[in-house]
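The sequence shown maps to residues -12 to 599 in the working numbering. C-beta: ideal position from N, C-alpha, C; glycine also. Right, one structure below, let's go through it.
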Amino acid sequence: MPEAPKSPFKPLDYNLAEKNKKVLQFIEDVTANADEVQKRVLAEILSRNASVEYLQKHGLNSHTDRETFKKIMPVITYEDIQPDINRIANGDTSPILCSNPISEFLTSSGTSGGERKLMPTIEEELKRRTLLYSLLMPVMSQSVPGLDKGKGMYFLFVKSEAKTPGGLLARPVLTSYYKSSHFKERPYDPYTNYTSPNQTILCPDSYQSMYSQLLCGLYQNKEVLRVGAVFASGFIRAIRFLEKHWTSLCNDIRNGTINPQITDPLVRDAVMKILKPDPKLADFIEVECSKDSWQGIITRLWPNTKYVDVIVTGTMSQYIPTLDRYSNGLPLVCTMYASSECYFGVNLNPLCKPSEVSYTLIPTMCYYEFLPVHRNNGVTNSPSVPISLSEKEQQELVDLVDVRLGQEYELVVTTYSGLYRYRVGDVLRVAGFKNKAPQFNFICRKNVVLSIDSDKTDEVELQNAVQNAVNHLIPFDATLAEYTSYADTSTIPGHYVLIWELSLKGSTPIPPSVFEDCCLTIEESLNSVYRQGRVSDKSIGPLEIKIVSPGTFDKLMDYAISLGASINQYKTPRCVKFAPIVELLNSRVVSTYFSPKCPKWVPGHTQWNNQD
Ligand code: AMP
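This is how it looks when you write it as structure tokens:
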């Protein structure tokens, strides 16, 4: 049973201005001394882990200086340490990667072999994450004063967790954070005053959690000064939920009751402590929600909202138009950049336009290095990053303070929890500097072609999935001539669309059920994060196959060449984003099919086979 949160009272000597000043000074100090801090961080990580197996195996021999470290230690990807990770997951508690005990695994939305990557973590990392969170509001309040006078309506959720065969918990980093005492028993802070009681956030049932958080948010609508979720997709899902359930929510507000479908006793208790009958508010919400247009619904229902706090950088930028419509153009604020491996940075200019967001990497979080990346061709404009690095490429990595303005880099980190020169997989571009510390635009996650929520599908996964699906066409003497794909975010939730051009030799027509089987086979073949999004989080809609008329992909090539692609080098893009190309493809669709049901998914890695 989750522990009841202690009600945080304001200490008598609480001085918000003083606290904010200290935080801003901390940012000044660590960015002004970025190189010294980085040197110290690396020395600290290496000295405390000097005797771990991984560093010994590579012969680091207790050295803690940058030069020796860079000369001796290889730059690695997850697959390089997967055998070590598996040993830890299977119960080996010896100091393999880290001298501190591994407290749990954080399951990344990045996958390897179709399963979530497992990031070992240690207890003290929670403090570092809490520190990064504590920087956000003092920075924000420089641009938007008075945020301490009201509440934040944030839709926050926990996801399912599993146990490794060795008994360690494996769960997403945010689930770990919300379930920790750092969140549940947070001391008084006017900036962590949320409309959602902890119990509604910690409720494992996503329907009950969403319903109760919306109910509390609507009921306290006048107090809300900012709204948000982690990613844009999650926030839009909440608005969609409201569209579907506002009559029931209004009914609860009118009568001071909570819908009997909400059965979790902790949630019911927590909500009933807040809710009193308010027929006037219920009438107001009803009038607003029954209007034909939902344009500006956020500013209408929560009239004091100053901004929407969601990540809209990277693939999340596809949701900006929808958010602009719902919020009537309120500022969209991206506050931080973080991952399961480590939390990295904050946006020091939070009211800037989404396209200009840059994150200042905080030098105390981990030791950073940067691998230069080069654009390989002007048409797809995709950055080229080698999978394994030659000796020379390994020497090209530069330190935090040595990156160059305008240059793109892949992020490589050495963390307190046992990752050494680990390639995170993100491509960043230097946009400026805060003192000595660089500020980065987030460019993309390497190789990802499709993403709706936290799912990240790469070209190889897509290719394999399509290959599995086309087997259904063999009995009809049909083959797939060409295909491409795009993420359709005009539906809520969004979904993957595959565009197929067939080459038909047989005369038997292909029944719709065969294409539906193709849709499902693709979904079954995609990685576990995708399938979880379909099954558990309901954050991804059924996959769609659109069959286009013969010759469509020739037209696509003609179009690309008219835009400047080289005829010799032209390759069908496996994912398209450019609106005119999507329109061209859609104008030639002859039939469409959807996946008839959800693919299979179980929490944890399938091979662990434990669901208790
Ligand atoms: P996970 O390992 O599942 O926690 O996901 C971390 C990844 O999410 C990062 O490596 C990025 O690819 C992406 N991400 C996190 N924060 C941001 C951000 N502010 N903007 C764009 N992408 C982000």
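Residue environment, residue i, which counts as buried when at least 16 other CB atoms sit within 10 Å
| i | result |
| --- | --- |
| K459 | The sequence shown places His at residue 459, rather than the Lys named in the question. Answer is buried; the Cβ neighbour count reaches 16. |
| T367 | Confidence in T367 is poor, its pLDDT being 41 and thus under 50, which makes the residue's placement unreliable; the coordinate value appears in the next sentence. T367 comes out exposed. |
| Q12 | exposed |
| K267 | exposed |
| D389 | exposed |
| E5 | exposed |
| R391 | exposed |
| M259 | exposed |
| N364 | With a pLDDT of only 44 at N364, under the threshold of 50, the placement of this residue in the model should not be trusted, and no figure is reported. |
| K293 | buried |
| Y1 | exposed |
| G78 | exposed |
| P586 | buried |
| Q454 | exposed |
| P496 | exposed |
| S196 | buried |
| F429 | buried |
| N87 | buried |
| L550 | exposed |
| Q382 | exposed |
| K564 | exposed |
| K443 | buried |
| P252 | exposed |
Residue i - containing beta strand (DSSP E), residue span
| i | result |
| --- | --- |
| P107 | 102 to 108 |
| E383 | Segment: none, E383 is in no beta strand (DSSP E) and carries neither H nor E. |
| M197 | It is not in any beta strand (DSSP E) - M197 instead sits in the alpha helix (DSSP H) that spans 193 to 206. |
| R416 | 409 to 421 |
| Y473 | 465 to 475 |
| F(-4) | Taken as a continuous stretch (DSSP letters only), F(-4) belongs to no beta strand (DSSP E), as it is neither H nor E. |
| E356 | 354 to 359 |
| A325 | 323 to 325 |
| Y396 | 395 to 401 |
Contact check, residue i vs residue j, beta carbons under 8 Å
| i | j | result |
| --- | --- | --- |
| A76 | F56 | no |
| Y141 | A216 | yes |
| E488 | E469 | yes |
| L212 | L134 | yes |
| S472 | R561 | yes |
| V417 | Y409 | no |
| K584 | L507 | yes |
| I527 | G520 | yes |
| S49 | A37 | yes |
| L601 | F357 | Since the displayed the chain opens at -12 and closes at 599, residue 601 lies outside it and no answer follows. |
| E40 | I68 | no |
| P337 | V320 | yes |
| E102 | S438 | no |
| L628 | Y355 | Nothing about residue 628 can be reported from this structure: the residues present for the chain run from -12 to 599 only. |
| P350 | Q394 | no |
| V145 | Y165 | yes |
| G419 | S345 | yes |
| L387 | P425 | yes |
| Y580 | P499 | yes |
| S578 | E503 | no |
| L422 | A157 | Checking the sequence, you will find Asn at residue 422 rather than Leu. Not in contact: N422 and A157 (Cβ atoms no closer than 8 Å). |
| T94 | P159 | yes |
| G301 | R173 | no |
Range covered by the alpha helix (DSSP H) that runs through residue i
| i | result |
| --- | --- |
| V516 | 515 to 522 |
| V333 | Careful: V333 lies outside any alpha helix (DSSP H), inside the beta strand (DSSP E) at 330 to 333. |
| D67 | 65 to 76 |
| E292 | First, the residue type needs correcting, since residue 292 is Thr and not Glu in the sequence shown. Looking at the DSSP string, T292 is not in any alpha helix (DSSP H), and its letter there is neither H nor E. |
| P425 | Not the alpha helix (DSSP H): P425 falls in the beta strand (DSSP E), residues 424 to 432. |
| R213 | From DSSP, R213 is part of no alpha helix (DSSP H) but of the beta strand (DSSP E) over 211 to 218. |
| T18 | 3 to 19 |
| M259 | 252 to 261 |
| V126 | 112 to 130 |
Whole-Å CB distance - residue i paired with residue j, under 8 Å assumed
| i | j | result |
| --- | --- | --- |
| L310 | A219 | 6 Å |
| N660 | M323 | Limits of the chain in this structure are -12 at one end and 599 at the other, which puts residue 660 out of reach. |
| T286 | S327 | Not really, about 34 Å apart at Cβ, beyond 8 Å. |
| I272 | C203 | The pair is not a contact, with the Cβ atoms about 13 Å apart (cut-off 8 Å). |
| Y403 | E111 | 7 Å |
| M124 | Y178 | 4 Å |
| T117 | S90 | That belief does not hold up - the Cβ atoms of T117 and S90 are roughly 15 Å apart, past 8 Å. |
| Y483 | L543 | With 8 Å as the limit, Y483 and L543 do not qualify as a contact, their Cβ atoms being about 18 Å apart. |
Around ligand 1, which residues pass a check of Cβ closer than 5 Å to any of its heavy atoms? That gives S95, S96, I298, T300, G301, Y324, S326, S327, D413, F429, R432.
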